[in-house]
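The block underneath contains the structure these notes are about, expressed in structure tokens.
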Amino acid sequence: MTARMLPKNRIEEFVGRLLEQAEVVAPRRVEVGDVFYGAVASAEEVAWDYGHAVEPLKRFLLPQRETMLRYSTGDKVRVEAELDEQERVFLGIRCCDVTGIGVLDAMFGGDTPDPYYMSRRERSTVIALTCLQAPDETCFCVCCDAGPFLAKGYDQQWTSLPEGMLVEVGSERGEALVRSNDDLFDEASVDQVAARYRLAREAEQTFGDFKSYIAGAMSKLSMNEVDPKVWEQAALRCMECGGCTYLCPTCSCFTVTDRMEDSSGVRERHWDACLYSCYAREASGHNPRPEREDRLRARFFHKISYQWAQRNGRQACVGCGRCVVGCMAWAHMPAITEGIRRGVMT
Amino acid sequence: MAELATVCPFCGCGCGLYLHVIDDVVVGVSPSRAHPISQGRLCVKGWHAHEMVDNPQRLTHPLVRRGDELVEASWEEAVEVAANGLRKVADSAGAQAIGVLGSARCTNEANYVLVRFARGTLGTPSIDCSQRIHSVPEVALNAGNSRPGLDTGQIADLDESDLILLVGSDPTEEHPAVAARVYRARQRGARVISVSTRTHPLAALADVHLPVRPGGELKLLGSILHVLLVEQGMAGDADVSGLPELRASVADLPPEETQAATSVPAEAVREAALLYASSKRATVVYSTGLALSLHASAAAQSLENLAALGASGAGPKATVLGLLSRNNLQGCRDMGVAPDLLPGYTALGDDAAVEKLERAWRCELNRETGLASWQMMGKARAMYIMGDDITRTMPGAGVAREALASLDFLVVQDIFMSPAAAMADVVLPAAAFAEQDGTWTNLERRVQRIHRAVSPPGEAREDWRIVAGVSGAMGKPISYEDAQQIFEEIKDLLPVYAGVFYPPLAVNGGIRWPTAQPRDAGGAPAAREKIGVAAPPEDALKESAAGAETSDEYPLLMAADPTLRPWDGEVTVCHTLTAAGEFTVMDQDYPDGMLCLNPEDAKRFEVRGGRPARVVSATGEGQMQVRVTDEVPRGIALVPYNQAARSGPMEVSSQPVSGRPVLAPTPISVGPVQ
Ligand code: SF4
Chain Y
1 MTARMLPKNR IEEFVGRLLE QAEVVAPRRV EVGDVFYGAV ASAEEVAWDY
51 GHAVEPLKRF LLPQRETMLR YSTGDKVRVE AELDEQERVF LGIRCCDVTG
101 IGVLDAMFGG DTPDPYYMSR RERSTVIALT CLQAPDETCF CVCCDAGPFL
151 AKGYDQQWTS LPEGMLVEVG SERGEALVRS NDDLFDEASV DQVAARYRLA
201 REAEQTFGDF KSYIAGAMSK LSMNEVDPKV WEQAALRCME CGGCTYLCPT
251 CSCFTVTDRM EDSSGVRERH WDACLYSCYA REASGHNPRP EREDRLRARF
301 FHKISYQWAQ RNGRQACVGC GRCVVGCMAW AHMPAITEGI RRGVMT
Chain R
1001 MAELATVCPF CGCGCGLYLH VIDDVVVGVS PSRAHPISQG RLCVKGWHAH
1051 EMVDNPQRLT HPLVRRGDEL VEASWEEAVE VAANGLRKVA DSAGAQAIGV
1101 LGSARCTNEA NYVLVRFARG TLGTPSIDCS QRIHSVPEVA LNAGNSRPGL
1151 DTGQIADLDE SDLILLVGSD PTEEHPAVAA RVYRARQRGA RVISVSTRTH
1201 PLAALADVHL PVRPGGELKL LGSILHVLLV EQGMAGDADV SGLPELRASV
1251 ADLPPEETQA ATSVPAEAVR EAALLYASSK RATVVYSTGL ALSLHASAAA
1301 QSLENLAALG ASGAGPKATV LGLLSRNNLQ GCRDMGVAPD LLPGYTALGD
1351 DAAVEKLERA WRCELNRETG LASWQMMGKA RAMYIMGDDI TRTMPGAGVA
1401 REALASLDFL VVQDIFMSPA AAMADVVLPA AAFAEQDGTW TNLERRVQRI
1451 HRAVSPPGEA REDWRIVAGV SGAMGKPISY EDAQQIFEEI KDLLPVYAGV
1501 FYPPLAVNGG IRWPTAQPRD AGGAPAAREK IGVAAPPEDA LKESAAGAET
1551 SDEYPLLMAA DPTLRPWDGE VTVCHTLTAA GEFTVMDQDY PDGMLCLNPE
1601 DAKRFEVRGG RPARVVSATG EGQMQVRVTD EVPRGIALVP YNQAARSGPM
1651 EVSSQPVSGR PVLAPTPISV GPVQ
């Protein structure tokens, strides 16, 4: 591990320099006390001691609504793609959310890369902030190998020590950022590195009751051994709000719509959810997943089956716990994996 | 990207959400975790609230009718045409021939100004909001502690309860934020009792579910009270006025006696009553399933009786939570959008209070009782409709459309070309919720701020400004600086809003009125000075016994279920693009009406799911598409209320006292289409 120290009194300077080159997206408190990741104008705005952001970073890589291209017909057909080319530094991001980006990368960056996503992703630097204690009672990243500290997946990973930030470098991009600001970073001492490992162990002890029995559920899901009752019971509850998918760092369903006026138009992409009854509905009215239990099964298969884990490089739940908060009906990931384990939803 | 805290524009729960804005366009929504209602959750409507704002189908310019067409006009011209048209009708037929409809979608400020416009400028007492039909008639029910022994609950009461009684309410469809609390309460061990014809998801998961035959609700509640008061001899320590009368009224209602009328086995009723009695803290929830029944007031009173008994020490402490269907239906009532009240529940005969309003508004007010929305149909000669969905809410096939078509003059202000707007002489484009400031009051009387996050499209304007403009063109200017100034006046003039301040409303879920209402920290109702119960009117009990009799010829009882797909076809959700799919399925798959039948009945009458069936009643026949579902008990056929209201073959009857129209359960026979 290459580790450096960014002393407390130089953090502001470092963030200031980042702001000269890029938009800095960091956790910040908004008006009624909620924390969101969002663009900050100074280091002061960053809520370093935040619990959990209401939403993951997804919005900044896959917006809820984005313009893909503009076109006009008539004598000459013109099509202009609209790519977001803003440089961004994601700073102070929770480990679960950083891990989530990796799953989105697998989805949008595979054999046929998605230009809209990749344009944003290639211009982004990810600086994770480790959790010294569970940010929320709903967190279960410890069940998902996605926190509270990470071994990979970041450009830099910061751990808050009394004297400043211990900075681990995880990529060429992260290294370049240290190199170009060499004057601000000190070498980390052996003690400081040791402290990081001690803090990681201690942090893991602070996680609460929201366990998710992912491994067991994965095996049953992958082998098609889940008791169908579980899906029926889950379907009875699920209200199709879509909240679990919208709040999930790794869900990526979208729909594409055209807004046409006379001879010109805009093509937009919107978030969609595989749980919505109309998501897979075809123009004929035929729906390949007509029942809610079919859709729930499909979603959880996508999230945590071996088959998908192989494609994504890992299972797609990062244990951020947002579905626990956002689910209207108590049919979130830990409730479902527990249901799969017991063969009944409680 | 900036986040702006505001409130969800759909149901009466009033979830807190953030709008994401880039370059004056709303591009997304996030839930608020800190907000006391949403707590980090939104339903499918809330998650897509931004989509109805920046929708290409928004009305952007005033339109006036030229022959068959609505053509663009300037604001000056449109307002002039509107003013002249209204004046002409007033001159020829009298001001009371003009009907005015306010909106449960619009702000308190807009509705308040509309009342001033109707009673002051136009001089008509006929002002109403058609969505009011979807609430229990007694204004007092949600008007705070204005009656002895009455307390109205808040959503957070569900968190404190060990028992939840759902009556005529399917919150999973109508009030998702309430359903979320019920699910969480279940998870920590609270018991759930459900009373509704349909076995909706929370009924299926309930500890006891009483699948009551449509029309049997009042009797069923009477039997529950019978078990508690007569069989169990439940009694508290405090004096309860009206208790002997109540006990006498339910004396003849042991569950065995009512079983035929309610179709609920006596043991189940007894089990429910005993479970209720064994709890410590109950929340009693009712909604449109009760509000749109024939004896809604008496049934709601039965629930209030439970709360009053609890307050006297008999049975669990209980609060009653009446769920209102629309984001600002409560506020609409608070602002006096009703033909028999003035803002703040001021009685028309309260001279001192009326004069206070007249002084503030510098005009004389019409103090008569006007026409209610349903009475306007066919009686009004002209109408001014502000964001009201009358063609959807008015029961009776085609009633609203025919009435609107027969008007001499119609002005509609709205954000979309609603069916009413398409028939108007003048269409005035309004700002959507994200484009105007103001307040809404949720179903628990939480007055919340909404914010202008983006500019309205084209020339659309805030609702209150449009109304004030038309008033000005009629020679009676209404001038306010902004929504805040209107709110300050509301707060100063209406005792019910006293103490509710405008600026802090943006923070943490607003302020509940009355602000003086004492509650302990847990949200439990405060001690009352006097506790009273009321027996249901005798004839209500008798009538509900008769109900609609089925026969060999018409063996099924068809009823309209207002809790079933209540949002399908609603103008704003249908323009909420991603979510619209969820709310147009019914019209796509069941265009003639969704007839929900129990699998056994479907088999017996040889009809198949997804296929049309012939439906015959004593008064007519038609076709509907069948949905086969266990949710419906045998012998009953359920149709979504809003579909039945528009096109169904059900008879319209009226609730006693209030005279509100409701769809009467109708015996039918069902068979395959030949
Ligand atoms: S529950 Fe009601 S207020 Fe909350 S998001 Fe849904 S429609 Fe909006």
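Protein chains in written order, with our numbering: chain Y, 1 to 346; chain R, 1001 to 1674.
Don't be surprised by glycine CBs; every beta carbon is placed ideally from N, CA and C.
Given the structure is predicted, the values throughout are model-derived calculations rather than measurements.
Proximity winner among the options, relative to residue i (alpha-carbon distances)
| i | options | result |
| --- | --- | --- |
| Pro1419/R | Val1269/R, Asp1408/R, Ala1403/R, Lys1317/R | Ala1403/R |
| Gly1671/R | Glu1606/R, Leu1557/R, Pro1661/R, Leu1494/R | Glu1606/R |
| Leu1564/R | Val1571/R, Pro1429/R, His1175/R | His1175/R |
| Arg1213/R | His1134/R, Asp1157/R, Thr1550/R, Pro1031/R | Thr1550/R |
| Cys251/Y | Asp186/Y, Phe108/Y, Ala151/Y, Gly164/Y | Phe108/Y |
| Tyr116/Y | Leu62/Y, Ser305/Y, Glu338/Y, Thr159/Y | Leu62/Y |
| Ser1653/R | Leu1101/R, Gly1046/R, Val1285/R, Leu1292/R | Leu1292/R |
| Arg1381/R | Gly1344/R, Ser1092/R, Ala1002/R, Cys1043/R | Ser1092/R |
| Gly1610/R | Arg1627/R, Thr1619/R, Gly1189/R | Arg1627/R |
| Ala298/Y | Asn287/Y, Ser284/Y, Leu275/Y | Leu275/Y |
| His1035/R | Ala1083/R, Ala1156/R, Val1025/R | Ala1156/R |
| Glu1364/R | Leu1019/R, Pro1125/R, Gly1085/R | Pro1125/R |
| Tyr1502/R | Ile1490/R, Met1474/R, His1295/R | Ile1490/R |
Any non-hydrogen atom of the ligand SF4 closer than 7 angstroms to residue i Cβ
| i | result |
| --- | --- |
| Ser284/Y | no |
| Ser1038/R | yes |
| Ala1177/R | yes |
| Phe1010/R | yes |
| Cys1106/R | no |
| Leu1042/R | yes |
| Cys1332/R | no |
| Gly1475/R | no |
| Gly1014/R | yes |
| Gly1028/R | no |
| Gly243/Y | no |
| Gly1509/R | no |
| Gly321/Y | no |
| Gly1046/R | yes |
Helix, strand or coil at residue i according to DSSP, with G and I counted as helix
| i | result |
| --- | --- |
| Leu184/Y | helix |
| Gly1322/R | strand |
| Leu308/Y | Leu is not the amino acid found at residue 308/Y; the sequence shown has Trp there. If DSSP states are grouped into helix, strand and coil, Trp308/Y belongs with the helices. |
| Arg1579/R | The question names Arg, but residue 1579/R is Ala in the sequence shown. Residue state, collapsed to three classes: helix. |
| Arg1041/R | coil |
| Leu1205/R | coil |
| Tyr50/Y | coil |
| Arg1519/R | Its pLDDT being 40, under 50, Arg1519/R is placed unreliably in this model, and the value from its coordinates should be taken loosely. Strand at Arg1519/R. |
| Glu122/Y | coil |
| Gly16/Y | helix |
| Leu1070/R | strand |
| Trp231/Y | helix |
| Ser1278/R | coil |
| Val1454/R | coil |
Within-8 angstroms CB hit, residue i to chain B
| i | result |
| --- | --- |
| Ser1471/R | Of the protein chains in this structure, namely Y and R, none is chain B. |
According to DSSP, residues forming a beta bridge with residue i
| i | result |
| --- | --- |
| Leu1004/R | Leu1019/R |
| His270/Y | Arg65/Y, Thr255/Y |
| Val1100/R | Ile1127/R, Tyr1384/R |
| Cys1596/R | Arg1627/R, Leu1638/R |
| Ala26/Y | Gly38/Y |
Contact residues within the segment 1021-1037 of chain R, judged by C-beta distance below 8 angstroms to chain Y
Along the segment 1021-1037 of chain R, the positions whose C-beta sits under 8 angstroms from a C-beta of chain Y are Val1027, Gly1028, Val1029, Ser1030, Pro1031, Ser1032, Arg1033, Ala1034, His1035, read in chain order.
Going along the segment 1580-1592 of chain R in order, which residues come within less than 9 angstroms of chain Y, judged by CB to CB distance?
Ala1580, Gly1581, Glu1582, Thr1584, Val1585, Gln1588, Asp1589
Report the residues of the segment 52-80 of chain Y with a CB closer than 9 angstroms to any CB of chain R, ordered along the chain.
His52, Val54, Glu55, Arg59, Phe60, Pro63, Gln64, Arg65, Glu66
For the segment 308-327 of chain Y, which residues have a CB atom closer than 9 angstroms to at least one CB atom of chain R, in sequence order?
Arg322, Val325, Gly326, Cys327
Taking a cut of 8 angstroms between CB atoms, which residues from the segment 207-233 of chain Y lie near chain R?
none
The segment 1169-1195 of chain R: positions lying closer than 9 angstroms to chain Y by Cβ
Thr1172, Glu1173, Pro1176, Ala1177, Ala1179, Ala1180, Tyr1183, Arg1184, Arg1186, Gln1187
For the segment 233-254 of chain Y, which residues have a beta carbon sitting closer than 7 angstroms to at least one beta carbon of chain R?
Along the segment 233-254 of chain Y, the positions whose C-beta sits under 7 angstroms from a C-beta of chain R are Leu236, Arg237, Met239, Glu240, Cys241, Gly242, Gly243, Tyr246, read in chain order.
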